[in-house]
Amino acid sequence: MGNFELAQVNISRMKAPLDDESFRDFVDALEPVNAIADRAPGFVWRLQTEDGDATSIRAFEWDVRGTSGILVNMSVWTSVEALADFVFSGEHLAVLKRRREWFHRVQDVMTALWWVPAGHRPTTAEAETKIKHLRVYGPTPEAFTLKQHFSPAADARQGEADWLCPA
1 MGNFELAQVN
11 ISRMKAPLDD
21 ESFRDFVDAL
31 EPVNAIADRA
41 PGFVWRLQTE
51 DGDATSIRAF
61 EWDVRGTSGI
71 LVNMSVWTSV
81 EALADFVFSG
91 EHLAVLKRRR
101 EWFHRVQDVM
111 TALWWVPAGH
121 RPTTAEAETK
131 IKHLRVYGPT
141 PEAFTLKQHF
151 SPAADARQGE
161 ADWLCPA
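Following UniProt numbering, the numbering of the sequence shown begins with 1 at its first residue and continues without gaps.
This is the structure we're talking about:
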């Protein structure tokens with residue numbers, strides 16, 4: 001990809017506050033799963049505070065919709081394939097399969113991918129724009145999904161058949 005890297009954001013509407021007992025397993029998995037991501041082939045960067053995660057970052061407040069809040073995960077990867085390899089493997093997949101325990105099931109788009117110039121680190125405001133764009137227009141070169149993604153040159157590509165969330 002050379003001059004471009006893949007940014008991704010996913011947001012989740014929480015069923016309870018993060019300090020609720022029901023979130024214990026999720027919170028306990030954060031540090032080990034983030035450490036795996038940090039070492040994953042193709043990983044470049046992830047949004048985090050000094051605490052090592054993004055749980056205290058407030059964004060997407062317009063999308064709370066009566067829930068206990070929004071959790072934001074944002075990262076940059078070298079390719080769509082590198083991101084998918086991480087998302088659908090190992091400990092991350094185990095947590096992903098349990099997400100309905102902690103987060104509301106939604107029909108809205110909650111994940112967006114887009115190409116950024118190499119070295120650019122996206123902001124939450126940029127990510128909000130990408131989620132809104134994808135909700136209105138569906139996958140385009142501006143914002144897309146693993147299932148239907150685009151190359152940096154805006155060529156449409158189909159994801160692998162197993163790049164669908166299994167839960």
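Backbone N, C-alpha and C define an ideal beta-carbon position, used for all residues, glycine too.
Quick one, are the C-beta atoms of A16 and W102 less than 9 Å apart? Here residue 16 refers to the residue found at position 16 of the sequence shown. Here residue 102 refers to the residue found at position 102 of the sequence shown. Yes, the Cβ-Cβ distance between A16 and W102 is below 9 Å.
Which same chain residues, not among the five before or five after A167, have their C-beta less than 7 Å away from its C-beta? Sequence index remark: in the sequence shown, residue 167 carries index 167 (1-based). Confidence at A167 is low in this model, with a pLDDT of 45, below 50, so the placement of that residue is unreliable and no value is reported for it.
T89 classed as buried or exposed, judged by whether at least 16 other C-beta atoms fall within 10 angstroms: Taking the first residue of the sequence shown as position 1, residue 89 is located at position 89. Reading off the sequence, residue 89 comes out as Ser, not Thr. Label assigned to S89: exposed.
Between the Cα of G42 and those of H120, G52, R58, L6, spot the shortest distance and give me the residue it belongs to. By one-based count along the sequence shown, residue 42 stands at place 42. It is L6.
Can you tell me which residues form a DSSP beta bridge with S56? Against the sequence shown, residue 56 aligns to sequence position 56. Beta-bridge partners of S56 (DSSP): none assigned.
Do the region 118-130 and the region 103-110 make contact, defined as three or more Cβ pairs closer than 8 Å? For the pair of segments examined, the region 118-130 was found not to touch the region 103-110: the number of CB pairs separated by less than 8 Å stays below three.
Alpha carbon to alpha carbon, how far is L113 from A153? Give it in angstroms, no decimals. Indexing the sequence shown from 1 puts residue 153 at position 153. Indexing the sequence shown from 1 puts residue 113 at position 113. Taking the straight line from one Cα to the other gives about 14 Å.
Can you check whether the CB of S68 is closer than 9 Å to the CB of M14? By one-based count along the sequence shown, residue 14 stands at place 14. By one-based count along the sequence shown, residue 68 stands at place 68. Yes, the pair counts as a contact, with Cβ atoms nearer than the cut-off.
Check whether A143 and E91 have beta carbons under 9 Å apart: Here residue 143 refers to the residue found at position 143 of the sequence shown. Here residue 91 refers to the residue found at position 91 of the sequence shown. No, Cβ-Cβ distance for A143 and E91 is not below 9 Å.
Length at least 3, wholly inside the region 82-149: the beta strand (DSSP E) runs in chain order: The qualifying runs are 111-117.
S79, DSSP secondary structure in three states: Your numbering for residue 79 matches position 79 in the sequence shown. Secondary structure at S79: coil, using DSSP grouped into helix, strand and coil.
Reference Q107; option with closest CA among N73, D63, V72, A82: Position 107 of the sequence shown, counted from the first residue, corresponds to residue 107. Of the candidates N73, D63, V72, A82, the one whose C-alpha sits nearest the C-alpha of Q107 is D63.
Supposed close pair T145, T111 - CB separation, criterion 8 Å: The count along the sequence shown starts at 1 and reaches residue 145 at position 145. The count along the sequence shown starts at 1 and reaches residue 111 at position 111. Yes, T145 and T111 are in contact; Cβ-Cβ is about 6 Å, under 8 Å.
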